[in-house]
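2 protein chains.
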Amino acid sequence: MNQGPARIEINEVGPRDGLQIEKAMVATDDKVAFVDALSECGFARIEVTSFTSPKAIPALADAQEVMRRIRRKPGVVYTALVPNIRGLERALECGTDEMNLVMSSSETHNRANLRMTREQSLAELTAVLRAAGEAGAPCNVSLSTVFGCPFDGDVSPDEVMRLAHSLVDAGAVGITLCDTTGMAYPTQVAELCERAARELPGAALTVHLHNTRGMALANAVAAWQTGIVRFDAAAGGLGGCPYAPGASGNVNTEELVHMFACMGVDTGVALPPLMDVVRGLPRLVERELANPLIAAGPRLATHEPPAWLAERFSPG
Amino acid sequence: MNQGPARIEINEVGPRDGLQIEKAMVATDDKVAFVDALSECGFARIEVTSFTSPKAIPALADAQEVMRRIRRKPGVVYTALVPNIRGLERALECGTDEMNLVMSSSETHNRANLRMTREQSLAELTAVLRAAGEAGAPCNVSLSTVFGCPFDGDVSPDEVMRLAHSLVDAGAVGITLCDTTGMAYPTQVAELCERAARELPGAALTVHLHNTRGMALANAVAAWQTGIVRFDAAAGGLGGCPYAPGASGNVNTEELVHMFACMGVDTGVALPPLMDVVRGLPRLVERELANPLIAAGPRLATHEPPAWLAERFSPG
């Protein structure tokens, strides 16, 4: 089997991508504690919050307070979603390390999710990239629906690359290839990752996967085999998409970390404290989270044999 | 990305591996209807039932009646689990096409699951293989826990291969490498599949995966990339293991079929009738089955854009 890189980095997006869609209003204290607990796990990056309009996403209206109050662990990059110039200003005021801008690669999803055409979004993000550049703040762009759109179906890789080139030319230091509603499949992931790496050698590429159709880990392996070293993931598989009924959330961070650890790939993340964080999520989001890895334990967490076994097979 | 074979075969094990562990007593009529519906989906093989002692598994006491009453579709191989000579006799009486014998590659799991040491199992299976050979009935052997044992932890590939060689020498036409409790990970799957194919060139190899830790489809891709063409799977992800608390069931047939279809690999199985079968499972087993693919639909089952979109972006 083709091996990918020996070391990968995980960007934990649960506090932003996860909490923004939850019905429960999570208290500011609990958000800060969630991020602080994640900081102890060894993530390369944590997407802390979103500087969208508090009117649009009331659940994250306390974005600045959260960003100010988290305990910053040296070496961890604390990022936030920034939709526009106003958001950038708010993010800069509270010392966000890196900005994550977002637009869709498919027209209908961009209109539904961002209330703009893609060309309007491109103009807006170009302005944000310019302002961030002047402020010395690095920006990544998450390009949604690159492996398929829940409205438009397949998205042309040429179109994805056209947008990615425009954004990198405008100053983005990285591009995240987002499988927003879990439509990606392994051979497709490998092809687009290879092409993006070839055409954008200067950009840091991240892959963002959802597990809607069970393929998240298979897609992660496919991306890793092409050399991708940066993965988004959400603790407990939090997240989803309001425009794709039935779509489950992001790839589970704990399953991603566990799989790569089994394969001898260093993620930097320690599984036991991460599993503790995941065990606390149902209280945080006020709903049950189906979590097979938590239920079953890591693969080498062995069980005691049934009690009758020793007697039945005793030498006497 | 390394491509595997253009065509694979799926062995649907839900009626046996799934139903044997369900609490609900499924009526004989419903079992027959379940198998008949599966026969219309295009499977290469269907594991119909198990000829274990009715005392040990009362749920499958009607094994002969089920095997006699199913409507046999030409081209489909109808198999059954056969634990011993008595089971072989019962299986032969009702015209089972192929026998599936079973033992574990780890000592403690074999003792717990089969109430025998591995050497006792090997002797028993050798006797069954001889008798089946005399009767002209082909036998596959499912070798459990080859990627890890819930009691003993990692299992030595040397030990797995020793048992596999013994069983093939004794007359088994195929070996199924079983990840009984979902402990397999992709690089491990690739290594063992490559070794088994190299050392047992005359044996038909099947891979049997569980999704306990989210890796089932990733493992399936890894196996496929080494050339494996035969996969066990259970509709709706039925199944589990009584000795591994929290362990979820077999890889979902519908997710496996969907993924390979996305990748352009011919499984022979048509997804729409299979999804109809899966939608009927909660009634059959009298419990809810979490089923993300059924909830979300196949990847290109697109949605209508929100109604406000047309007005907002109208040319007027």
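Same order as they appear, the protein sequences are chains X and G.
Numbering-wise (full-length UniProt numbering), the first sequence opens with residue 1 and increments by one.
Numbering-wise (full-length UniProt numbering), the second sequence opens with residue 1 and increments by one.
A virtual CB, placed ideally from N, CA and C, is assigned to each residue, including glycine.
Small disclaimer: the values here were computed from a predicted structure and weren't measured.
Cβ-based burial, residue i [other Cβ within 10 Å; buried from 16]
i: Ser314 (chain G); result: exposed
i: Arg90 (chain X); result: buried
i: Gly42 (chain G); result: buried
i: Thr206 (chain X); result: buried
i: Gly264 (chain X); result: exposed
i: Lys31 (chain G); result: buried
i: Ala123 (chain G); result: exposed
i: Thr52 (chain X); result: buried
i: residue 335 (chain X); result: Here chain X covers residues 1 to 316 and nothing more, so residue 335 (chain X) does not appear.
i: Pro150 (chain X); result: buried
i: Gln20 (chain G); result: buried
i: Ala24 (chain G); result: exposed
i: Arg287 (chain G); result: exposed
i: Trp224 (chain X); result: buried
i: residue 322 (chain G); result: There is no way to answer for residue 322 (chain G), as the model of chain G reaches only from 1 to 316.
i: Leu300 (chain X); result: exposed
i: Ala307 (chain X); result: exposed
i: Pro201 (chain X); result: exposed
i: Arg283 (chain G); result: exposed
i: Ala218 (chain G); result: buried
i: Gly249 (chain G); result: buried
i: Pro74 (chain X); result: exposed
i: Gly182 (chain G); result: buried
i: Arg68 (chain G); result: exposed
Interface partners of residue i on chain X, CB under 9 angstroms
i: Met1 (chain G); result: Asn2, Pro186, Thr187, Val189, Ala190, Glu191, Glu194, Ala222, Gln225, Thr226
i: Ala307 (chain G); result: None at all; the shortest Cβ gap to chain X is about 11 angstroms.
i: Gly182 (chain G); result: Pro292, Ala296, Arg299
Residue i - partner residues in DSSP beta bridges
i: Thr79 (chain G); result: G:Glu47, G:Glu98
i: Glu12 (chain X); result: X:Ile46, X:Ala233
i: Cys178 (chain X); result: X:His208
i: Asp266 (chain X); result: X:Arg7
i: Leu143 (chain G); result: G:Met103, G:Leu177
i: Asn252 (chain G); result: G:Ala234
i: Gly153 (chain X); result: X:Cys149
Contact set between residue i and chain X, taken where Cβ atoms lie within less than 8 angstroms
i: Phe313 (chain G); result: Arg111, Thr117
Neighbour list for residue i in chain G, Cβ cutoff strictly below 7 angstroms
i: Cys262 (chain X); result: Tyr185
Same chain, Cβ closer than 6 angstroms to residue i, five either side skipped, listed in chain order
i: Leu281 (chain X); result: Gly236, Leu289
i: Val160 (chain X); result: Ser105, Val146
i: Gly18 (chain X); result: Ala234, Leu238, Gly239
i: Glu107 (chain X); result: Arg118
i: Ala196 (chain X); result: Leu205
i: Val251 (chain G); result: Leu209, Asn211, Ala216, Ala233
i: residue 326 (chain G); result: Outside the displayed range of chain G (1 to 316) lies residue 326 (chain G), so it cannot be described from this structure.
Sequence-distant residues of the same chain with beta carbon closer than 7 angstroms to residue i, five excluded per side
i: Glu65 (chain G); result: Thr28
i: Pro298 (chain G); result: His258, Leu271
i: Leu274 (chain G); result: Cys41, Ala235, Thr253, Glu254, Val257
i: Asp97 (chain X); result: Val77, Tyr78, Thr79
i: Glu93 (chain G); result: Gln64
i: Ile85 (chain X); result: Ala127, Val128, Ala131
i: Arg279 (chain X); result: Ile294
i: Leu143 (chain G); result: Met103, Ser105, Val160, Leu163, Ala164, Ile175, Thr176, Leu177, Cys178
i: Ser50 (chain X); result: Arg16, Gln20, Ile57, Leu60, Ala63, Ala80, Leu81
Chain-ordered neighbours of residue i on chain G, where CB pairs are closer than 8 angstroms
i: Thr145 (chain X); result: Within 8 angstroms Cβ-Cβ: nothing; Thr145 (chain X) doesn't reach chain G, min ~11 angstroms.
i: Thr108 (chain X); result: Pro305, Leu309
Same chain only: Cβ atoms within 8 angstroms of residue i, ignoring 5 sequence neighbours per side
i: Arg130 (chain X); result: Ala170, Gly171
i: Gln188 (chain G); result: Phe147
Min CB distance residue i to chain B below 8 angstroms
i: Gly14 (chain G); result: Given the protein chain composition of this structure (X and G), no chain B is represented.
Original post:
What are the residues of the region 209–221 of chain X that lie near chain G, defined by any Cβ-Cβ distance shorter than 9 angstroms?
Top reply: Here the close residues are Asn211, Thr212, Arg213, Gly214, Met215, Ala216, Leu217, Ala218, Asn219, Ala220, Val221.
**OP:** Taking only beta carbons into account, state which residues of the region 247–261 of chain G come closer than 7 angstroms to chain X, listed in chain order.
**Re:** Hits within the stretch, in order: Ala247, Ser248, Asn252, Glu255, His258, Met259.
Subject >> Residues of the region 289–300 of chain X with Cβ closer than 9 angstroms to any Cβ of chain G, in chain order >> reply: Within the region 289–300 of chain X, the residues whose Cβ lies closer than 9 angstroms to some Cβ of chain G are Ala290, Pro292, Leu293, Ile294, Ala295, Ala296, Gly297, Pro298, Arg299, Leu300, listed in chain order.
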